[in-house]
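The sequence shown begins at 301 in our numbering and counts up by one.
Glycine included, C-beta positions come from ideal geometry on N, C-alpha and C.
Take a look at the structure below.
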Amino acid sequence: MVQIHHHSSITEFEIFNDAYFVENYYATAALNGIFSYLASSPDQLKLSFNITGQKDQNILALVVGTNPELILLYGTFWNNEMLTRLSELISLNLNTRYQLSGQTQLIKAFLAHKKQRFETITEKLIYKCTQENEIENKATGRMMLAEMGDINPIAIMSEEFRIEEYGDRAPDTDMRAKVVIPGIYNKSIYKWVDGKTIRVIAQVNTENDSPIIGLFYTAKDSRKKGYGTALLHSLTTKLLKEYVDVGLQAMANNNTSNAVFKRVGYEEFYQWIKVITL
């Protein structure tokens, strides 16, 4: 039986879905920023509800009054009746653009049900590793924490990462000031060094005792030499000595990087997408 659960506040929504957020932390951690925004600006919460069905069938939905309006849809399992109810509860006006993000198949199914065209902004795979694989590390060099003297080369690599990951939709972010310097200061950026050259960089966010690896980037002239695998394997091994598991987000269309992640021992467990309607 399909049931609708409306929520009067973002806090009520968080409490109702606490178990889902814990289980899917690496896929939903970015929602914390939205929750903080809605807690301070409750008038921007336009819709908040769950649609539940049998057993683990559950759709989470938020509509936020940003410009363009933001529709967040998450879930793991659902049926056609739940999808129909979702389509009835969220209306899309003609000649109005909407931004949607969340579980890939759910968002695509919702927009197909609405017969709504869209453009994909970003599509990611979310990985989790609980045990690294035993692999032979053929790359020379070693993993080290980044230092303040590394700011310039890491800033250049971070900017290359930003452009390569997002293309013409790359966010206008000052990587040096907002990512690199704070990351080095907080000891969250690691590097693989061969000789005096930084070959690969990666950043680790350890909030809530759930480390997530991001900013994973191999310099263009250092690719296909095993450096990326070496850093990821060394960093994952280090983190798994302190934590139960490690998360990682990757662009869905980067086949080379995704192959490295799987070789190290990461398993895909969630698909995430951000789109804008046309």
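Item checked: Cβ-based burial, Gln354 [other Cβ within 10 Å; buried from 16] -> exposed
Check: Where does Ala550 fall in DSSP's three states?
Finding: strand
Note to self: Using C-beta distances below 6 Å, list every residue in its chain close to Ala361, excluding the 5 sequence neighbours before and after it, in chain order.
What the structure shows: Phe349 and Leu373
Notebook entry, point to check: Are there 16 or more other CB atoms within 10 angstroms of the CB of Gly333, so buried, or fewer, so exposed?
Noted result: exposed
Check: If you pair each beta-carbon of the stretch 384–395 with each one of the stretch 405–416, do three or more pairs fall below 8 Å?
Finding: yes
Checklist line | For Ala502: DSSP bridge partner residues | finding: Tyr490
Next item on the list: Report back the beta-carbon spacing between Thr529 and Val560 to the nearest angstrom; my notes put them in contact at under 8 Å.
Entry: 5 Å
Check: Counting pairs of Cβ atoms below 8 Å between the stretch 307–326 and the stretch 335–350, do you hit three or more?
Finding: yes
Notebook entry, point to check: Taking only runs of the beta strand (DSSP E) that begin and end inside the stretch 422–471, which ones reach a length of at least 3 residues, in chain order?
Noted result: 442–445
Next item on the list: Could you say which of Thr577, Ala339 and Phe516 lies nearest to Gln503 if we only look at CA atoms?
Entry: Phe516
Notebook entry, point to check: DSSP puts Trp572 in a beta bridge; with which residues?
Noted result: Gln403 and Lys424
Check: Where does the unbroken alpha helix (DSSP H) through Phe377 begin, and where does it stop?
Finding: Here Phe377 belongs to no alpha helix (DSSP H), and DSSP marks it neither H nor E.
Check: Expressed to the nearest angstrom, what Euclidean distance is found between the alpha-carbon atoms of Arg499 and Thr518?
Finding: 6 Å
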